[in-house]
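J.: Please read through the structure below; I'll follow up with questions.
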Amino acid sequence: MHLKTEPLKQLIYTSIANTFPEKIASPEFVAKIQAKNHSFGITGSLAWHDKMFMQIIEGPASAVNRLFAEILQDRRHQSIVLISERIVHSREFPNWDMAVVSLGTESFSASFAPHKYRARGSRILDAFRRGVWQ
Ligand SMILES: Cc1cc2nc3c(=O)[nH]c(=O)nc-3n(C[C@H](O)[C@H](O)[C@H](O)COP(=O)(O)O)c2cc1C
């Protein structure tokens with residue numbers, strides 16, 4: 001008998017920083033959330049521009065729900081808008097414990113150019129980059 005595997009979930013939201021976004025994108029904070037994500041099987045990307053964030057979180061549904069509950073309580077940002085929440089068959093960022101990228105930089109194009117296959121998360125991320133959500 002097979003053990004039932006938990007569904008994989010992808011959640012996307014935007015928010016506005018209450019602090020300098022550079023603090024959230026700092027190497028110390030990024031290393032901390034990446035280590036935590038790794039232990040819970042979470043992958044994804046956190047893109048930011050000025051004070052706006054867009055985060056894509058994917059992983060076992062219960063781990064994504066637990067993390068988003070924490071993120072909703074986090075006072076470092078506000079005005080959280082849930083953009084998309086769905087069960088997926090595969091991850092869009094399987095190799096990233098959390099890719100943190102500043103939009104409009106070389107590193108953004110370098111990191112996400114391979115995702116030009118237009119998976120849903122990448123399309124939303126691209127729309128965010130073009131300023132649709134501002
Ligand atoms: C924009 C933003 C993105 C975040 N992303 C993550 C994340 O991917 N993984 C994570 O564990 N915590 C993330 N956090 C932090 C959580 O909201 C929460 O503070 C943290 O998980 C608490 O961890 P601790 O109780 O171990 O200190 C993020 C916070 C902000 C403001």
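Residue numbers (my numbering): 1 to 134. The C-beta atom is built at its ideal place from N, Cα and C for all residues, glycine as well. Bear in mind that the values here come from a model prediction, so they are computed numbers and not experimental data.
(1) Do H77 and ligand 1 come close, with the Cβ less than 8 Å from some heavy atom?
(2) For the candidate residues V81, Q34, Y13, whose alpha-carbon lies nearest to that of A99?
(3) Skipping 5 residues on each side, what residues in its chain have a beta carbon closer than 8 Å to that of P94?
(4) Can you check which of these residues, W96, T19, Y13, is closest to H77 by C-alpha distance?
(5) Restricting to Cα atoms, I'd like to know which of H89, T14, F68, E58 is closest to R129.
(6) Which value, in whole angstroms, describes the spacing of the CA atoms of E85 and K9?
(7) Run the proximity test for D74: is its beta-carbon closer than 8 Å to any non-hydrogen atom belonging to ligand 1?
(8) Are G41 and A63 close, meaning C-beta to C-beta below 9 Å?
(9) Kindly give me the distance between the Cβ atoms of N11 and W48, rounded to whole angstroms, as I take these residues to be in contact under 8 Å.
(10) Jot down the residue ranges of each uninterrupted alpha helix (DSSP H) in the region 4 to 70, minimum 4 residues, whole runs only, in chain order.
(11) Is it the case that the CB of E70 approaches a heavy atom of ligand 1 more closely than 8 Å?
(12) Determine whether the beta carbon atoms of N37 and L67 lie at a separation below 9 Å.
(13) How would you call P21, buried or exposed, if buried means at least 16 neighbouring beta carbons within 10 angstroms?
(14) Return helix, strand or coil for L103, following the three-state DSSP convention.
T.: Working from what's here:
(1) For ligand 1, at least one heavy atom lies less than 8 Å from the Cβ of H77.
(2) Ranking the options by Cα distance to A99, first place goes to Q34.
(3) Within the same chain, T43 come within 8 Å of P94 by CB-CB distance, once the 5 residues on both sides are set aside.
(4) Nearest to H77 by C-alpha distance, out of W96, T19, Y13, is T19.
(5) Minimum Cα distance to R129 is reached at T14.
(6) Spanning the two alpha carbons is a distance of roughly 7 Å.
(7) Correct: D74 has its Cβ closer than 8 Å to ligand 1.
(8) Yes, they are a contact pair.
(9) It should be noted that the sequence gives Leu, not Asn, for residue 11. Rounded, the Cβ-Cβ distance is 17 Å, inconsistent with contact.
(10) Whole alpha helix (DSSP H) segments, 4+ residues: 21 to 24, 27 to 40.
(11) For ligand 1, at least one heavy atom lies less than 8 Å from the Cβ of E70.
(12) Here N37 is near L67, since their CB atoms are less than 9 Å apart.
(13) By the 10 Å Cβ count, P21 comes out buried.
(14) Note: L103 maps to coil in three-state DSSP.
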